[in-house]
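In what follows, a single structure is set out as structure tokens and then discussed.
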Amino acid sequence: MKTSRRKFLAEASLGVLGLPAIGDLFYQTALGQEPAAPKAKKLGKAKSIIQIWMWGGPSQLETFDPKPDAGAEYCGKWNSPIKTNAGWMISESLPQIATIADMYTPIRSVTHNDFGHETAAYKMQTGLTPGGNLVYPAIGAIVSTMKGYKYGGYDSAIPPYIVLTQPLGRFSECGYLGTNYKPYATGSDPNAKRFLASGFILDGVDEERQASRLELLDSIDVFGKASKINPVISDLEKARQEAYGVLTGAEVKTFDLSEETDETREAYGLTTFGQSCLMARRLVEKGVPFITINYGGWDTHGKHFETLTRNQPVWDKALTFLFKDLRDRNLLDSTIIWWGGEFGRTPRIDYNAPWFGGRGHYGTCFSHMVGGGGFKGGLVVGESNKGETVAKRPVQPQDLLGTLLMQMGIDPDAPLPNDKGFELPTMAPASEEGLLLELV
């Protein structure tokens with residue numbers, strides 16, 4: 060009987076017990092199987108990923124996989140999907156995204172059968188089932204490792220892995236790589252009068268006042284003068300000056316959305332999510348490899364359609380303009396946009412108390428979307444039966460994550476560098492269905 064490689068890796072605490080590198084070939088050899096001929100994969104040239112993390116789990120039926128013929132118990136009052144410019148149907152609540160479907164591809168058959176926020180988030184961020192002796196790194200930490208300071212030649216005071224605005228909070232995204240690879244969470248609100256990115260912009264201190272403070276400090280800086288004759292103090296002074304450079308240099312201006320025109324800001328939408336999308340575009344322009352927009356509010360057990368009526372227009376507008384803005388700035392080919400949450404919602408609407416028209420957690424079949432960064436647009440991957448089960452082309456988390464890494468020029472099967480001495484692959488081996496090579 061064939062043993063699941065995915066299950067084998069889920070027990071990869073074996074890696075800390077002294078087993079050698081556990082790439083796909085090792086799994087099959089260790090299990091006495093003939094290694095399968097690897098499918099050809101070509102590493103892409105994308106430079107950044109913008110992850111739109113729909114915290115809580117958005118409904119597949121009200122986004123990229125509408126089911127108008129399934130009846131009211133499935134589609135409720137939204138039973139009139141609209142045709143996209145690529146010819147396939149999308150929820151009627153997303154009219155703007157429908158006009159740019161040639162730029163992206165929905166995946167209607169993501170599956171992992173996990174219905175818990177924490178465990179499902181871990182799977183969708185790492186490609187693995189939680190458990191064992193190790194916490195594995197999220198894809199953002201992997202990208203910041205391979206494209207960051209040590210291995211990627213990244214040279215900026217802006218961290219290579221940024222979350223707008225609050226941490227995901229479901230697990231330690233850096234995993235065994237260590238805290239150097241934690242994401243920098245900006246805090247604050249990009250839609251505020253002044254976006255106070257934590258550590259870059261000080262509350263109540265404008266740029267002129269900050270410069271005046273530093274000038275005064277320098278005039279009485281005995282420590283700085285001593286650094287000229289003491290090498291130990293010199294190193295500390297260099298670090299201090301670099302920190303001041305962050306507070307006064309171009310990095311601060313990156314977080315200053317007032318530099319954008321009113322027209323641009325309004326095109327994204329004067330909302331926290333809209334301005335987060337604008338901020339993500341500015342970070343891409345600065346070469347930041349991985350940006351997550353942590354967009355909560357999608358755990359719609361109750362008041363499902365009321366919540367979507369309020370929230371769908373916000374991201375429909377902002378995400379549409381983000382695609383267009385990146386395209387017009389010649390950045391879309393080098394920037395991946397990845398949309399999705401930890402799971403979807405139950406296809407059957409729960410009309411009973413206490414939900415009265417809500418949808419629960421659902422990890423059996425749900426939708427994600429990818430675009431830009433060398434991905435083909437206008438296609439559809441996978442099919443579902445009423446949004447309940449996968450009918451065609453199941454996509455496991457590691458299949459999607461491995462493809463994203465591949466498009467970033469990172470081999471998902473290669474060992475992931477780390478200072479712990481673990482010989483572990485960058486990403487869990489793809490499922491039997493394989494990476495999403497049909498999209499690249």
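Every position in the sequence shown, counted from 1, becomes a number in our numbering once 59 is added. A virtual CB, placed ideally from N, CA and C, is assigned to each residue, including glycine.
key: For F425 and P453, the rounded distance between their alpha carbons   = Rounded to the nearest angstrom, the gap between the Cα atoms of P453 and F425 is 10 Å.
query = Quick one: what's N353 bridged to in DSSP?
reply = Paired residue(s): W112.
inquiry  = Can you tell me where the beta strand (DSSP E) holding L316 begins and where it ends?
reply    = Neither: L316 is in no beta strand (DSSP E) and is coded neither H nor E.
query = How about D409 and G417: do their beta carbons lie closer than 7 Å?
reply = Inclusion of D409 and G417 in the CB contact set at 7 Å is warranted, their separation being smaller than that value.
6 Å CB neighbourhood of L438 in its chain, flanking five on each side removed = Here the set comprises T164.
task = List in chain order: all unbroken beta strand (DSSP E) runs of 3+ residues lying wholly within the segment 410-482.
result = Considered as a whole, the segment 410-482 harbours 425-431, 442-444 and 448-451 as its complete beta strand (DSSP E) runs of no fewer than 3 residues, in chain order.
message = Within 8 Å, do at least three Cβ pairs link the segment 187-203 to the segment 228-242?
response = The segment 228-242 is in contact with the segment 187-203.
inquiry  = Within 8 Å, do at least three Cβ pairs link the segment 139-146 to the segment 358-372?
reply    = Here the segment 358-372 does not lie against the segment 139-146, with fewer than 3 beta-carbon pairs under 8 Å apart.
ask   = Would you call the segment 173-186 and the segment 440-453 touching, i.e. three or more CB-CB distances under 8 Å?
value = With the rule of 3 Cβ pairs closer than 8 Å, the segment 173-186 does not count as touching the segment 440-453.
query = With a Cβ-Cβ cutoff of 7 Å, do E151 and S139 count as a contact?
reply = It is a contact, given that the beta carbons lie within the stated cut-off.
task = Enumerate, from N- to C-terminal direction, the unbroken alpha helix (DSSP H) stretches of 4 or more residues contained entirely within the segment 129-214.
result = Qualifying alpha helix (DSSP H) stretches, in chain order: 131-134, 176-185, 198-205 and 208-211.
Proximal residues to K345 (C-beta, below 7 Å), its chain only, five neighbours per side dropped = If the five residues before and after K345 are omitted, its C-beta is found closer than 7 Å to the C-beta atoms of S215, I217 and T313, all from its own chain and listed in chain order.
message = Cutting at 6 Å between CB atoms, please list the residues of its own chain near Y327, excluding the five before and the five after it.
response = If the five residues before and after Y327 are omitted, its C-beta is found closer than 6 Å to the C-beta atoms of G333, C336, L337, A377 and F380, all from its own chain and listed in chain order.
message = Check this for me: beta carbons of Q466 and G186, under 7 Å apart or not?
response = No. Outside cutoff.
query = Helix, strand or coil: which one does DSSP assign to G38?
reply = Not covered by the structure: residue 38. The range shown for the chain is 60 to 499.
query = What first and last residue would you give for the beta strand (DSSP E) that runs through Y327?
reply = From DSSP, Y327 is part of no beta strand (DSSP E) but of the alpha helix (DSSP H) over D321 to Y327.
message = Quick check on the DSSP output: the alpha helix (DSSP H) that includes L223 runs from which residue to which?
response = Counting along the chain, L223 falls outside any alpha helix (DSSP H), though it belongs to the beta strand (DSSP E) covering Y220 to L223.
key: Cβ neighbour criterion (16 or more within 10 Å) applied to E132   = By the neighbour-count definition (other C-beta atoms within 10 Å, threshold 16), E132 is an exposed residue.
request  = Under 6 Å Cβ to Cβ from Y220, same chain only, skipping five residues before and after it: list those, please.
outcome  = These residues qualify, in order along the chain: G199, S203, P242 and F349.
message = In the DSSP assignment, the alpha helix (DSSP H) including E32 goes from what residue to what residue?
response = A question about residue 32 goes unanswered here, because the residues of the chain that appear run from 60 up to 499.
task = Between the Cα of G255 and those of L223, T320, M148 and I159, spot the shortest distance and give me the residue it belongs to.
result = Correcting the residue type first, residue 255 is Leu in the shown sequence and not Gly. In this structure, L223 is the residue among L223, T320, M148 and I159 with its C-alpha nearest to the C-alpha of L255.
request  = Report the rounded CA-to-CA distance for D478 versus R340, giving the unit in angstroms.
outcome  = Each residue's alpha carbon lies about 32 Å from the other.
query = Do you know how far the Cα of K104 is from the Cα of G468?
reply = Approximately 6 Å, taken between the alpha carbons.
message = Only counting the same chain, and skipping five residues up and downstream in sequence, which positions put a Cβ closer than 8 Å to that of I159?
response = Hits under 8 Å: N144, T379, F382 and K383.
message = So, at 7 Å on beta carbons, what are the nonlocal neighbours of G116 in its own chain, with the 5 sequence-adjacent residues on each side left out?
response = For G116, where only same-chain residues beyond five positions count, the Cβ hits under 7 Å are W357, D358, G400, E401, F402, G403, R404 and H420.
query = Under three-state DSSP, which class holds R404?
reply = Note: R404 maps to strand in three-state DSSP.
ask   = Whose C-alpha, out of A129, N353 and A309, is nearest the C-alpha of R229?
value = Of the listed residues, the one whose Cα sits closest to R229 is N353.
key: Own chain partners of G461 with C-beta closer than 6 Å, once the 5 adjacent residues on each side are dropped   = Excluding sequence neighbours, G461 sits near P471, M486, A489 and L494.
query = Under the rule that 16 or more other beta-carbon atoms within 10 Å means buried, what is S317, buried or exposed?
reply = Flag for S317 reads exposed.
ask   = K209 to F415, Cα distance in whole Å?
value = Taking the straight line joining both Cα atoms gives about 52 Å.
ask   = If you compare alpha carbons, which of H171, A244 and D315 is closest to R253?
value = Minimum Cα distance to R253 is reached at D315.
request  = Would you mind giving the Cβ-Cβ distance between M113 and W398, rounded to the nearest angstrom? I have them listed as a contact below 8 Å.
outcome  = Rounded, the Cβ-Cβ distance is 7 Å, consistent with contact.
ask   = Can you give the Cα-Cα distance for P406 and G446, rounded to whole angstroms?
value = Distance between the alpha carbons of P406 and G446: 6 Å.
inquiry  = Using only the alpha-carbon positions, how far apart do L463 and K136 sit?
reply    = About 35 Å.
ask   = Whose CA, out of T423, K106, Q155 and L475, lies closest to the CA of Y213?
value = Out of T423, K106, Q155 and L475, the CA that lies nearest to the CA of Y213 is found in K106.
message = Can you give me the C-alpha to C-alpha distance between S443 and S168, rounded to a whole angstrom?
response = Roughly 6 Å between the two C-alpha positions.
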